[in-house]
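Same order as they appear, the protein sequences are chains A and B.
The numbering used here puts the first residue of the first sequence at 66, with every later residue one more than the last.
The numbering used here puts the first residue of the second sequence at 1008, with every later residue one more than the last.
Glycine is no exception: its CB is placed at the ideal position from the N, C-alpha and C atoms.
For clarity, every value in this text was computed on a predicted model and none was experimentally measured.
A short write-up of the structure that comes next.
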Amino acid sequence: MARPATDALPDSAMGAILRDAALCALVALGLCVPLIAFRMDPGPGSDLVLVPRWGLVAILCAITFAVRLGQRLLLMRRDARRAKTSALAPSPAQATEAVGGEPDAGQKVSKIGLKLFVAVALSLPVLATLATGDLGSARYWIDLGILILTYVMLGWGLNIVVGLAGLLDLGYVAFYAVGAYSYALLSTTFGLSFWVCLPLAGLFAGLWGMLLGFPVLRLRGDYLAIVTLAFGEIIRLVLINWTDVTGGAAGVSSIPRATFFGIPFTADEDGFAARFGLEFDSMHRVVFLYYLILVLALITNLVTLRLRRLPIGRAWEALREDEIACRSLGIDTTATKLTAFALGAAFGGFAGSFFAVRQGFISPESFTFLESAIILAIVVLGGMGSQFGVAIAAVAMVAGPEMLRNLGGLKAVFGEGFDPNEYRLLLFGLAMVAMMVWRPRGLISVRMPSVTLGERKAISGAHVSEGHG
Amino acid sequence: MDVFLQQLINGLTLGSIYGLIAIGYTMVFGIIGMVNFAHGDVFMVSCFIALILFLLLTTWLGVSSIVFAFLVVLVLAMALTALWGWAIERVAYRPLRGSFRLAPLISAIGVSIFLSNFVQVVQGARNKSMPPVLSGGITVLEREGYTVVLSYKQGLIMVVTAVLLTGFWYLVQRTPFGRAQRACEQDRKMAALLGIDVDRTISLTFVLGAALAAVAGVLYVMYYGVVSFSDGFVPGVKAFTAAVLGGIGSLPGAVLGGLIIGLIETFWSAYFSIEYKDVAAFSILAIVLIFMPSGILGRPEVEKV
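So, in structure tokens, the structure goes:
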């Protein structure tokens, strides 16, 4: 297999590349033909009218051709360079990940990364206020921060189940829903305060985790994923249909707001501002919520990090690596799996009750399968088991699509009818595929072992098993 | 009894559609051990393709014969959806072969999100309804004012499903491709050593699965007359349930599972509550997996240490 070693491409190679690119364009044409070439618009009466859009199809095919051509040319250059430097260069089909355990930049990043992340998170409201001028206009950034931290917390919670214990859970949003509805229903029917409901919500979600975890203990791999997905959907469908209790599809509204440990954020005399001698500002509540979710997320992180060193945490990781060996060593796999499920679910429940208190309104629509998929994607993209990886993946997955909302400037390029918001989830799906193809092991693909003899050395993520359950 | 008979007909119709989709899941799982999460959305894409082709034929080209239009739509939709299936496998799954187990699953979820939003962007979020075709039916039974009707559509769905499944069965059992496909299912490495092009076989498996999903899509659009971009998920999960119920990896099992799920769903709606019919389907999935993980016709999984 002699590859052209010079930078100048022979004609035959160029021809092959052109043919390949043309083939790609042809496939793109085939994919576009009915779906993009004709748009079904409501016409007179109830009939649909077809509106042809061949121009768009031509543009898309041309883009496909150009992208493929560029990609092939770049790859060819790279191959040629590799062939020059080493005769034994691995082919692109071989392992793309480093097999050796040499500590690399990624390890250093993940060591100081988490501290940096916490520092940035702690100072975000101050930074945003300084950057935008006053507290009111920093609201957008603080709200975005709350959203990101919610997903960081959910990601860390699911990380216990998926990343540490190796149990694939596609219905995690069910526990988020249980937490949210626990707070919403307890506070609206019994008038319990947020600070009473928060632990209760976690407790309920944890119990549900045990309840749903118990029957699926015997299942492994994809089967477990599908059953948890089914449970997630069942809970959502029950929330929609059990109208007497849950309010059905309309959800629960006017959920009481959070208080500063009993002191409400109102302009009254016994409100937060008056008590502490501050001028009333509705932003106090938002900033408080921000620090609340930050503390909750950090508790999740701390608990996870400490538990990893306890026997139960080590049992989780052992279970992920080899369940049979685990059993032969006398580890109670039932208890190990159930604690992982229950603990992960409990953190989901905490996050859920926070979601309810922040929104003031919840409906089953917030707890669809898409949410579960996003949370799982955060865990996998972050590199399963890596706390810092999950945090940056959450920032990327939540803030990235959010940034698209602000790309109003693109209207100048694509015309007035262009709404970047429409393309948010479309690009999100594409990004998920691209990330998996590019880095199947996630962003942070090195792991620090929990227990070591002598020197603590980072190992490649490829050596970490992803579990069978 | 009359209600029962009518529901039996409705259930078998629905079950045929689920069975056709389920084959795509079961074949892909059999050959590469992956749940092709995007398969339900491929089915949804085929519904849209079929609807556009039908409108194109009837309003633009002025084809008046419904049978001819149906056949053309069926063949073209199968071909175009198969191309989607091929492209998805090539772009999103093939680079991940041999990677760790979760990667293709996440990739498939990404494809699923992409497909439903792609269709929403290019075709709009509104439900698309099809002009009614092929109304009327055969009265099977008439008694005490209650008539049991097998509509022409339902008859057509059952006939088309039966014919295509027979052809498909022949393809898998009697042709060189079928042999290669079954060989890869048993042992991919050994099949490769014996000169079978494994990548090509896997591609063809995706193509076939997508083509059968397209048949289901054409029939679905014709039967229900309405489709929306979000219609992929629920039929997809139910078809997967059918595949699991019948024993994943088993082709007759997928069809059997589809029929059972279709029957359970219609009977549940008729005799219990229509709101909880999806809950019933999902509960069956959970119960089957917990108590009978290898399904009705599947082989029990042997754990190697």
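Asked: Interface positions of the region 278-298 of chain A facing chain B (Cβ-Cβ less than 8 Å), listed along the chain; Found: Pro280, Val281, Arg283, Leu284, Gly286, Asp287, Tyr288, Ala290, Ile291, Val292, Leu294, Ala295, Phe296 and Glu298
Asked: From A:Ile364, A:Ala123, A:Leu189 and A:Leu343, residue whose alpha carbon lies closest to that of Val92 of chain A; Found: A:Ala123
Asked: Three-state secondary structure assigned by DSSP to Leu435 of chain A; Found: helix
Asked: Through-space distance from Tyr248 of chain A to Val261 of chain A, alpha-carbon basis; Found: 9 Å
Asked: The region 1035-1047 of chain B: positions lying closer than 7 Å to chain A by Cβ; Found: Val1042
Asked: Burial state of Arg146 of chain A (16 or more Cβ within 10 Å); Found: exposed
Asked: Three-state secondary structure assigned by DSSP to Pro109 of chain A; Found: coil
Asked: Residue of A:Trp206, A:Ala148 and A:Ala461 minimising C-alpha distance to Phe493 of chain A; Found: A:Ala461
Asked: 7 Å Cβ cutoff, Pro1259 of chain B in contact with chain A; Found: no
Asked: Contact check, Ile320 of chain A vs Ala400 of chain A, beta carbons under 7 Å; Found: no
Asked: DSSP three-state assignment for Leu115 of chain A, whether helix, strand or coil; Found: strand
Asked: Residue-chain proximity (Val368 of chain A, chain B), Cβ-Cβ < 7 Å; Found: no
Asked: Buried versus exposed call for Leu1148 of chain B [16 or more other C-beta atoms within 10 Å across all chains shown]; Found: exposed
Asked: Inside the region 255-310 of chain A only - alpha helix (DSSP H) runs reaching at least 4 residues; Found: 259-278 and 286-306
Asked: Beta strand (DSSP E) runs contained entirely in the region 1060-1148 of chain B, provided each spans 3 or more residues; Found: none
Asked: Cβ-Cβ separation, Leu219 of chain A to Ile440 of chain A (assumed contact under 8 Å), whole Å; Found: 5 Å
Asked: Where Ser77 of chain A sits in the DSSP three-state scheme; Found: helix
Asked: Cβ distance (whole Å) where Gly1264 of chain B is taken to contact Ala1029 of chain B below 8 Å; Found: 6 Å
Asked: Where the region 424-445 of chain A meets chain B: residues whose CB sits under 8 Å from a CB there; Found: Phe434, Leu435, Ala438, Leu441, Ala442 and Val445
Asked: Cross-chain neighbours of Arg104 of chain A in chain D, by beta carbon under 8 Å; Found: In the structure shown, chain D does not exist; the protein chains are A and B.
Asked: Beta strand (DSSP E) runs contained entirely in the region 309-370 of chain A, provided each spans 3 or more residues; Found: none
Asked: Members of the region 212-230 of chain A near chain B, C-beta cut-off 7 Å; Found: none
Asked: Unbroken beta strand (DSSP E) run spanning Thr1182 of chain B, endpoints; Found: It is not in any beta strand (DSSP E) - Thr1182 of chain B carries neither H nor E in the DSSP assignment.
Asked: Proximity of Ala102 of chain A and Leu134 of chain A at Cβ, strictly below 7 Å; Found: no
Asked: Three-way DSSP call (helix, strand, coil) for Ser1053 of chain B in this model; Found: helix
Asked: Through-space distance from Leu1292 of chain B to Val1035 of chain B, alpha-carbon basis; Found: 19 Å
Asked: Whole-angstrom distance between Pro99 of chain A and Ile1271 of chain B, CA atom to CA atom; Found: 35 Å
Asked: Proximity winner among A:Thr324, A:Cys391 and A:Gly409, relative to Ile364 of chain A (alpha-carbon distances); Found: A:Gly409
Asked: Endpoints, beta strand (DSSP E) assigned at Tyr1153 of chain B; Found: Tyr1153 to Ser1158
Asked: Cβ-based burial, Asn1124 of chain B [other Cβ within 10 Å; buried from 16]; Found: buried
Asked: Simplified DSSP state of Phe426 of chain A, which is helix, strand or coil; Found: coil
Asked: Straight-line gap, Leu282 of chain A to Pro1300 of chain B (C-alpha atoms, nearest Å); Found: 12 Å
Asked: Alpha-carbon spacing of Arg350 of chain A relative to Pro329 of chain A, whole angstroms; Found: 9 Å
Asked: Selection from A:Cys126, A:Pro117 and A:Ile82 that minimises the alpha carbon distance to Gly95 of chain A; Found: A:Cys126
Asked: Check whether Ile1073 of chain B and Leu1226 of chain B have beta carbons under 7 Å apart; Found: no
Asked: Stretch pair the region 184-200 of chain A + the region 385-404 of chain A: three plus CB contacts closer than 8 Å; Found: no
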